[in-house]
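Numbering (our numbering), first residue to last: 580 to 758. By construction, the Cβ of each residue, glycine as well, lies at the ideal position given by its N, Cα and C atoms. The structure appears below as structure tokens.
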Ligand code: NI
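Printed below as a string of structure tokens:
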């Protein structure tokens, strides 16, 4: 089931998510909803908090559009090591639609997590996967990619999305439709 996305400046995005206690069918159903929501958007990664569920759960699929899907379900991820080299990617976020900015992060990370069967896994990531994992793990701690850009740019984006949210709320006021 496709779930509605939580959009900036919703304070839910600033919540710190709690660890998943059990990897069971309910959790797998939630992960499947997240994948469906992510593919529909479309995006390459999604954290549970982006559909309003404060659990440490991510889905990622970096497969190209014309390639078979490679869904990854990542539970309770922890960055256990990162390399010294940095890399820069132009990042976007399904919770901050149509805004992109360059972000510098460690180019390689080692992430310990559970998979969709609850098995322990270690992911050695570089390139796009390293950036994507760090972006999504940030979400679990209430951090957004715009926290990694200049305050000036961040304030501009937040102001823009506050205004969009206000305009949208105004559109939904029933009295206004009658005017
Ligand atoms: Ni994001």
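Query - CA-to-CA distance, residue 613 to residue 640, given in whole angstroms - result: Start at 1 with the first residue of the chain shown, and residue 640 comes out as number 61. Start at 1 with the first residue of the chain shown, and residue 613 comes out as number 34. Whole-angstrom Cα-Cα distance: 11 Å.
Report task. Have a look at residue 677 and residue 671 and give me their C-alpha separation to the nearest angstrom. Result -> By 1-based counting over the chain shown, the position of residue 677 is 98. By 1-based counting over the chain shown, the position of residue 671 is 92. Between residue 677 and residue 671, the C-alpha separation is close to 7 Å.
Requested in this report: For the stretch 686 to 699 and the stretch 649 to 657, state whether three or more C-beta atom pairs, one from each stretch, are separated by less than 8 Å.
Outcome: yes
Report task. Check residue 615 in the structure and name its three-state DSSP category. Result -> Taking the first residue of the chain shown as position 1, residue 615 is located at position 36. Note: residue 615 maps to helix in three-state DSSP.
Query raised in the report: Between residue 711 and the ligand NI, is the CB less than 7 Å from at least one heavy atom?
Result: The residue given as residue 711 occupies position 132 in the chain shown. Residue 711: no, Cβ never under 7 Å from the ligand NI.
Query raised in the report: Are residue 635 and residue 719 closer than 8 Å when you measure CB to CB?
Result: Taking the chain shown and counting its residues from 1, the one referred to as residue 635 is at position 56. Taking the chain shown and counting its residues from 1, the one referred to as residue 719 is at position 140. In contact: residue 635 and residue 719 (Cβ atoms closer than 8 Å).
Query - Delimiting residues of the alpha helix (DSSP H) encompassing residue 717 - result: Position 138 of the chain shown holds residue 717. 706 to 719 is the span of the alpha helix (DSSP H), which, as asked, contains residue 717.
Query raised in the report: Tell me, which residues are paired with residue 625 by DSSP?
Result: For the purposes of this step, residue 625 is taken as the residue at position 46 of the chain shown. Its beta-bridge partners are 638.
Query raised in the report: Can you list, in chain order, the residues of its chain whose CB lies under 6 Å from that of residue 620, leaving out five sequence neighbours each side?
Result: As a working mapping, residue 620 is identified with position 41 in the chain shown. Cβ within range, chain order: 673.
Requested in this report: Check whether the Cβ atoms of residue 624 and residue 637 sit closer than 8 Å, and answer yes or no.
Outcome: Looking up residue 624 in the chain shown gives position 45. Looking up residue 637 in the chain shown gives position 58. Going by C-beta atoms, residue 624 is nearer than 8 Å to residue 637.
Query raised in the report: Which residue's Cα is closest to the Cα of residue 728: 700, 688, 704, 669?
Result: Sequence index remark: in the chain shown, residue 728 carries index 149 (1-based). With distances taken between Cα atoms, residue 728 lies closest to 669.
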